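What follows is one structure encoded as structure tokens, with my remarks underneath.
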Amino acid sequence: MQGREAAIDGMTGNGERTAMGSANRLKLGLFGANCSSGRAVTLAPERWSGSWPDCLRLAQLADEAGIEFMLPIGRWKGYGGDTDYQGATLETVTWAAGLLAKTKRLNVFGTVHAPLIAPLIAAKQFVTADHIGEGRFGLNIVCGWNEGEFEMFGAALRDHETRYDYAQEWLDVIKLAWSPQDDFDFDGRFIKLKGVRAKPKPHGGTRPVIMNAGASRTGQAFAVRNCDALFSNVSNGISFDETAQHVKNVKALARQSGREIDVYTVGVVTCRSTTREAEEYYHHCIVANADWQAVDNILAMRGVTALTHPPDQFQRLRNHQANGMGGLPLIGDPDAVASRMAQLAGAGFTGIAISFVNYLDELLYFCGEVLPRLARLGLRQNP
Ligand SMILES: Cc1cc2nc3c(=O)[nH]c(=O)nc-3n(C[C@H](O)[C@H](O)[C@H](O)COP(=O)(O)O)c2cc1C
Numbered sequence: 017m018q019g020r021e022a023a024i025d026g027m028t029g030n031g032e033r034t035a036m037g038s039a040n041r042l043k044l045g046l047f048g049a050n051c052s053s054g055r056a057v058t059l060a061p062e063r064w065s066g067s068w069p070d071c072l073r074l075a076q077l078a079d080e081a082g083i084e085f086m087l088p089i090g091r092w093k094g095y096g097g098d099t100d101y102q103g104a105t106l107e108t109v110t111w112a113a114g115l116l117a118k119t120k121r122l123n124v125f126g127t128v129h130a131p132l133i134a135p136l137i138a139a140k141q142f143v144t145a146d147h148i149g150e151g152r153f154g155l156n157i158v159c160g161w162n163e164g165e166f167e168m169f170g171a172a173l174r175d176h177e178t179r180y181d182y183a184q185e186w187l188d189v190i191k192l193a194w195s196p197q198d199d200f201d202f203d204g205r206f207i208k209l210k211g212v213r214a215k216p217k218p219h220g221g222t223r224p225v226i227m228n229a230g231a232s233r234t235g236q237a238f239a240v241r242n243c244d245a246l247f248s249n250v251s252n253g254i255s256f257d258e259t260a261q262h263v264k265n266v267k268a269l270a271r272q273s274g275r276e277i278d279v280y281t282v283g284v285v286t287c288r289s290t291t292r293e294a295e296e297y298y299h300h301c302i303v304a305n306a307d308w309q310a311v312d313n314i315l316a317m318r319g320v321t322a323l324t325h326p327p328d329q330f331q332r333l334r335n336h337q338a339n340g341m342g343g344l345p346l347i348g349d350p351d352a353v354a355s356r357m358a359q360l361a362g363a364g365f366t367g368i369a370i371s372f373v374n375y376l377d378e379l380l381y382f383c384g385e386v387l388p389r390l391a392r393l394g395l396r397q398n399p
């Protein structure tokens, strides 16, 4: 058993992998580009297509600009509304494999619902993508929360704690399949396997970066135990000190069990040459032209309706959801956006996964104006 635990825990992602091949103090990624409308629940006609040609062009621009990673959303069923928000989505591991083949230094994650795919098929898909990207594939594990998606697979959504128990076994199998150990049996509570042989192993004798975005105590404990990175949402109402304390706590918990973990967050960027222009555009897309029916569908899945919440609180939650599904709004001119990002770095975050209403239209301006400011602040090198 000791040998097995060593095989599960021992094959850590090396420093180069967890740093995503970059010396930048603040890493940046693009979040949600594999889905129609990305993370903005808006009717604005320029909203993101999520098409393959647009994703490929975006990945190549990001690669040239030195953006460290792209993180897709594992979504199987759209949320309806006038836009069928996130109704068209590209499957994330095949998406990652395609983008890795066409880029040079960008890391690309697959976002995978552990209960919906047999672990040995998944392990081999990840290895294949990792070979295509010569060590630039990363894994985002999700346990699922959307019952309608699970029904599409004929799968039952387990209760919250048991979801993470299952994910633990699933990930143990993946790590064993990646390790040099061969011909192993696995006799878990949920997963039972015999004589497993899985070759090849991930690229270069190290394993892909593993992340998770658990928000609950159980979800975060899962990340601390198993992952290289935890993605945590920061809410506008939380103070800088509380945010910094959260990051410290997660890192301290990992160190107590002899591990290191990076903490990342999620930001929704509206950057224009003046703060007024940025605020007007934000208001236009996210308030005046939100796809409110889709917003209400998303909230209802989480039990939030006009009947369960007082009107002002309900509207606050709706506004929050329309904006990047609840990411931290980073709205303003390039100085304001760069200084807010610097604050997040100061709170201890290793990186930020950002989104735009239209990633392709907005990325060049962001890279031209915000990245040099982050370089001047000592947080990134100019590409
Ligand atoms: C950055 C980030 C990415 C996430 N990606 C997905 C996803 O692609 N698919 C999904 O079903 N859930 C996704 N989630 C939801 C989380 O996996 C998780 O279920 C949620 O944060 C609730 O945490 P809990 O499971 O600890 O209760 C994401 C959350 C965050 C913050």
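Each number in the numbering used here comes from the position in the sequence shown (counting from 1) with 16 added on. Don't be surprised by glycine CBs; every beta carbon is placed ideally from N, CA and C. Bear in mind that the values here come from a model prediction, so they are computed numbers and not experimental data.
Put simply, of GLU378, ASN374, SER355 and PHE169 the residue whose alpha carbon is nearest the alpha carbon of ALA391 is SER355. If you compare the alpha carbons of ALA239, VAL225, LEU136 and MET357 with that of LYS208, the shortest gap goes to LEU136.
In the three-state reduction of the DSSP assignment, ASP203 falls in the strand class, which pools E and B. Membership of LYS208 in the beta strand (DSSP E) is indicated by the continuous run 208-212. For the set LYS191, VAL124 and ALA81, the Cα lying nearest the Cα of ASN398 is the one of ALA81. By the Cβ neighbour-count rule, ALA231 is exposed, with fewer than 16 other Cβ atoms within 10 Å of its own. Pairing ARG334 with SER273, the inter-Cα distance amounts to about 39 Å. In the three-state scheme derived from DSSP, where H, G and I count as helix and E and B as strand, LEU155 is classed as strand. Between ligand 1 and the CB of ILE277, the shortest heavy atom gap is not smaller than 7 Å. Rounded to whole angstroms, the separation of the alpha carbons of PHE153 and GLY160 is 21 Å.
At the C-beta level, ARG63 and GLY343 stay beyond 8 Å of one another. In this structure, DSSP gives THR127 an extended state, which the three-state scheme calls strand.
Apart from sequence neighbours up to five positions away, the residues of its chain that approach PRO216 with a beta-carbon distance below 8 Å are VAL143 and HIS147, ordered along the chain. For GLY348, the enclosing beta strand (DSSP E) covers residues 344-348. Taking 7 Å as the cut-off, the C-beta of ASN374 does not count as close to any heavy atom of ligand 1.
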